[in-house]
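Let me begin by presenting the structure, written as C-alpha cells, before commenting on it.
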Amino acid sequence: MPLPVTHPLSDGRTASSPLVRALRGDRPETTPVWFMRQAGRSLPEYRALRIGTAMLEACLDPALASEITLQPVRRHGVDAAVFFSDIVVPLALAGVEVEIVAGRGPVFAHPIRTASDVLALHPLDPAALAPVREAVGRAVAELGGVPLLGFAGAPFTLASYLVEGGPSRDQLRARTLMYADPHTWAALLNWCADVTGAFLRAQVEAGASAVQLFDSWVGSLSARDYARRVAPHSARAFDALRGLDVPRIHFGLGASEFLPAMRAVGADAVGVDWRLPLDEASRRLGGDTPVQGNIDPALLAAPAPVLEAHVRDVLDRGRAAPAHVVNLGHGVPPDTDPDVLTRIVRIVHGS
Ligand code: CP3
3 MPLPVTHPLS DGRTASSPLV RALRGDRPET TPVWFMRQAG RSLPEYRALR IGTAMLEACL
63 DPALASEITL QPVRRHGVDA AVFFSDIVVP LALAGVEVEI VAGRGPVFAH PIRTASDVLA
123 LHPLDPAALA PVREAVGRAV AELGGVPLLG FAGAPFTLAS YLVEGGPSRD QLRARTLMYA
183 DPHTWAALLN WCADVTGAFL RAQVEAGASA VQLFDSWVGS LSARDYARRV APHSARAFDA
243 LRGLDVPRIH FGLGASEFLP AMRAVGADAV GVDWRLPLDE ASRRLGGDTP VQGNIDPALL
303 AAPAPVLEAH VRDVLDRGRA APAHVVNLGH GVPPDTDPDV LTRIVRIVHG S
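In C-alpha cells form, the structure reads like this:
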C-alpha cells in the first residue's frame with residue numbers, strides 16, 4: 003500500500019521541506035536542524051503540562067502527546083517535530099508490564115530471560131495503536147509544512163531493556179543470552195522487530211514524513227556481533243515500512259565502528275554521535291550517505307562562543323557528506339537552558 007494521497011509527503015506539504023530534501027541527499031538553502039529529546043524536560047511548558055501525569059499515560063493521551071510534540075517547534079523553529087512518545091510504548095501496548103521511572107528510564111516487572119518467557123510474549127494488536135495514530139494525526143494537522151518525524155527503538159535496544167529488566171551499563175545479561183541461547187535471542191529480537199515495526203508503520207500511515215530508528219545501546223556490541231546477531235532484526239523492523247516511501251534515519255550511540263552496517267539495514271541517512279567528526283563518518287560511509295549530527299551535548303552548557311565555534315565546526319565537517327541534518331550527538335540533557343537550543347537553530351539557519 004503506497005502512502006495515502008492525503009499524507010503530507012503526497013499532497014505537497016513536506017516533500018520539499020529542508021529535512022526531507024536533505025534526507026534524500028539534497029542540499030537545501032537552509033541546513034535543517036532538530037534535536038533528539040527536543041520535547042521534554044528542558045522545556046518549562048513541558049514540565050507544566052506533565053504535572054500529575056505519568057510518562058506512559060502522557061504518551062497515550064493523544065491531545066497531550068500532540069501538544070507536547072508541537073512545543074519545541076513553536077519555541078525553537080526547528081525543521082522537524084519529533085513525535086512525543088517513547089521506545090517502550092509499543093511494548094506496553096503489546097501487554098508488557100513496564101513503567102518509565104523519572105531519572106532512570108524504563109523498568110520492567112518481569113524480565114524476559116528464557117525461551118518460555120519469549121513464547122509468552124503476545125503479538126501487538128494493531129487496534130492498540132489507535133492512540134498513537136490519533137496523536138500523530140492531530141500533530142500533523144497543526145504542523146503544515148513542518149515534517150513530523152516518527153521513531154522507534156531498534157530490536158537490540160528494546161531486547162536489552164527486556165532482558166536486563168531496566169537500564170544497565172553494558173547490557174551484560176542481554177549479550178550473554180545472545181551467545182548462551184541464540185535461538186531464544188533470535189526469537190526475542192524478531193518479536194521486538196515486529197512490535198517496533200508496527201509502531202513505526204502506524205506513525206507513517208498517520209502522517210509522519212520521515213522516521214528514525216534508535217539503537218541507543220548498540221555501542222556495547224562488536225562490529226561482528228552487530229552484523230551477525232542484530233542487524234538482520236533491525237532490517238526486519240525497517241521492513242515493516244515496505245511500500246511506504248519515507249526517508250529513514252538510523253542512529254546508534256557508540257556505533258562509529260560499524261556505520262556502514264547500520265546503513266545497510268535499510269537506512270537512507272545515518273545519525274552519528276559526538277565521538278566521530280562528521281567528515282570522518284562520511285568517509286567511512288563511502289561519501290554517498292546523508293549524515294545527521296553531531297553537536298556534543300556537553301557543549302550546550304559551555305560559554306556561548308565555545309558552543310558557537312563547535313556548531314560551526316560541525317557544519318563545516320558536515321559539508322564533506324552529500325547532505326547534512328544538524329542534531330546533537332545524543333539527546334538534550336534535561337537541565338539544558340532552552341534558549342541555547344534556540345540559539346543553535348539561528349546559527350544553523352544563518353550559516
Ligand atoms: O523529543 C523527543 O526526542 C521525542 C520523544 C522521545 C522520548 N523518548 C521521550 C521521553 C524519544 C524519541 C525517546 C526515545 C527513547 N526512550 C530512547 C532512544 C533515544 C535515546 O535517548 O537514546 C531511549 C533509550 C528511551 C528510554 C527512556 N525513556 C529513557 C532512557 C528515559 C529517560 C529517563 C530519565 O528520566 O532520565 C525515558 C523517559 C523519557 N522519554 C522522557 C522523555 C521526554 C523523560 C520523562 C519525563 O519527563 O519524566
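To convert, count from 1 in the sequence shown and add 2; that's the numbering used here. We put the CB at the ideal spot given by N, CA and C, even for glycine.
What do you reckon, is the C-beta of V84 under 6 Å from a heavy atom of the ligand CP3? On the sequence shown, residue 84 is found 82 positions in, with the first residue counted as 1. Yes, the beta carbon of V84 sits closer than 6 Å to at least one heavy atom of the ligand CP3.
So does M264 have its beta carbon nearer than 6 Å to some heavy atom of the ligand CP3? Within the sequence shown, the letter at position 262 stands for residue 264. M264: no, Cβ never under 6 Å from the ligand CP3.
Going by the DSSP bridge assignment, what does I297 pair with across the sheet? Counted from its first residue, the sequence shown places residue 297 at position 295. The partner list for I297 (beta bridge, DSSP) reads L330.
Under the DSSP definition of a beta bridge, which residues are partnered with L150? As a first step, residue 150 is located in the sequence shown; it is residue number 148 there, counting from the start. In the DSSP output, where bridge partners are listed per residue, L150 has A83.
Please list the terminal residues of the continuous beta strand (DSSP E) segment that includes A212. Position 210 of the sequence shown, counting from 1, holds the residue named residue 212. Membership of A212 in the beta strand (DSSP E) is indicated by the continuous run A212 to D217.
State yes or no: is the C-beta of A212 within less than 7 Å of the C-beta of P125? On the sequence shown, residue 212 is found 210 positions in, with the first residue counted as 1. On the sequence shown, residue 125 is found 123 positions in, with the first residue counted as 1. Taking 7 Å as the cut-off, the beta carbon of A212 is found no closer than this to the beta carbon of P125.
Can you tell me where the alpha helix (DSSP H) with I349 in it begins and where it stops? The residue you call residue 349 lines up with position 347 of the sequence shown. Going by DSSP, I349 is part of the alpha helix (DSSP H) stretching over P340 to G352.
Restricting to Cα atoms, I'd like to know which of R175, L5, A306 and A242 is closest to F153. Locating residue 153 in the sequence shown gives position 151, where the first residue counts as 1. Closest option to F153, Cα to Cα, is A242.
Please classify A271: does DSSP put it in a helix, a strand, or coil? Reading the sequence shown from its first residue, position 269 is the one you call residue 271. Correct three-state label for A271: strand.
By how many angstroms is the C-alpha of L261 removed from the C-alpha of R354? Residue 354 is absent from the model: the chain starts at 3 and stops at 353.
I89: which of D81, H78 and I102 sits nearest, CA to CA? By 1-based counting over the sequence shown, the position of residue 89 is 87. That would be I102, whose Cα lies nearest to the Cα of I89.
Within its chain, find whatever has a CB closer than 8 Å to the CB of L45; leave out the 5 residues flanking it on each side and keep chain order. Residue 45 sits at position 43 when you count from the first residue of the sequence shown. Excluding sequence positions up to five before and after L45, its CB lies within less than 8 Å of the CB of Q73, P74, R77 and P340, all in the same chain and listed in chain order.
Spatial neighbours of R115 in its chain, beta-carbon cut-off 8 Å, leaving aside the 5 residues before and after: Within the sequence shown, numbered from 1, the residue matching residue 115 stands at position 113. In chain order, V165, R175 and L179 place their CB closer than 8 Å to the CB of R115, counting only its own chain and leaving out the 5 sequence neighbours on each side.
Let's test the definition: count the other Cβ atoms within 10 Å of the Cβ of G97 and tell me whether it reaches 16, buried, or not, exposed. What you label residue 97 is simply residue 95 of the sequence shown in a count that begins at 1. By the 10 Å Cβ count, G97 comes out exposed.
For the ligand CP3, is there any heavy atom lying closer than 6 Å to the beta carbon of R43? Walking along the sequence shown from the start, residue 43 turns up at place 41. Within the chosen limit of 6 Å, the ligand CP3 reaches the beta carbon of R43 through at least one heavy atom.
Can D281 and G331 be called in contact, C-beta distance under 7 Å? Along the sequence shown, one-based indexing puts residue 281 at 279. Along the sequence shown, one-based indexing puts residue 331 at 329. For the pair D281 and G331, the CB atoms are not nearer than the 7 Å cut-off.
When you compare each of A229, W219, R49 and R285 to A255 by their alpha carbons, which one comes out closest? The sequence position of residue 255 within the sequence shown is 253, counting from 1. The sequence shown places Leu at residue 255, rather than the Ala named in the question. When only C-alpha atoms are compared, the closest one is W219.
For V347, tell me which candidate among E207, P6 and N329 has the shortest Cα-Cα distance. By 1-based counting over the sequence shown, the position of residue 347 is 345. If you compare the alpha carbons of E207, P6 and N329 with that of V347, the shortest gap goes to N329.
Run of the alpha helix (DSSP H) containing H78, from where it starts to where it stops: To locate residue 78, count along the sequence shown from 1; it is residue 76. Per DSSP, H78 belongs to the alpha helix (DSSP H) from P64 to H78.
What residue range is occupied by the uninterrupted alpha helix (DSSP H) comprising H185? For the purposes of this step, residue 185 is identified with residue 183 of the sequence shown, where counting begins at 1. Where H185 is concerned, the enclosing alpha helix (DSSP H) stretches over P184 to E207.
Let me check one thing: in DSSP terms, what residues is H252 bridge-paired to? Within the sequence shown, the letter at position 250 stands for residue 252. Bridge partners of H252 according to DSSP: L215 and V272.
Which whole-angstrom value describes the C-beta separation of L215 and A271, a residue pair presumed to lie in contact below a C-beta threshold of 8 Å? Position 213 of the sequence shown, counted from the first residue, corresponds to residue 215. Position 269 of the sequence shown, counted from the first residue, corresponds to residue 271. About 11 Å; that fails the 8 Å criterion.
Between the segment 136–147 and the segment 9–29, are three or more C-beta pairs nearer than 8 Å? They touch, by the three-pair rule.
Contact under 7 Å by Cβ, Q294 with I251: Taking the sequence shown and counting its residues from 1, one reaches residue 294 at position 292. Taking the sequence shown and counting its residues from 1, one reaches residue 251 at position 249. Yes, Cβ-Cβ distance for Q294 and I251 is below 7 Å.
Three-state secondary structure assigned by DSSP to F37: Here residue 37 refers to the residue found at position 35 of the sequence shown. Per DSSP, reduced to three states, the secondary structure at F37 is coil, with no helix or strand assignment.
Any idea which residues DSSP pairs I102 with across the strands? Locating residue 102 in the sequence shown gives position 100, where the first residue counts as 1. Looking at the DSSP assignment, I102 forms a beta bridge with P108.
Candidates D172, P34, A130 and A65: closest to V138 by CA position: Residue numbering aside, residue 138 sits at position 136 when the sequence shown is read from its first letter. Residue A65 is the option with its Cα nearest to V138.
Length of the line joining the Cα atoms of P292 and T338: Your numbering for residue 292 matches position 290 in the sequence shown. Your numbering for residue 338 matches position 336 in the sequence shown. About 27 Å.
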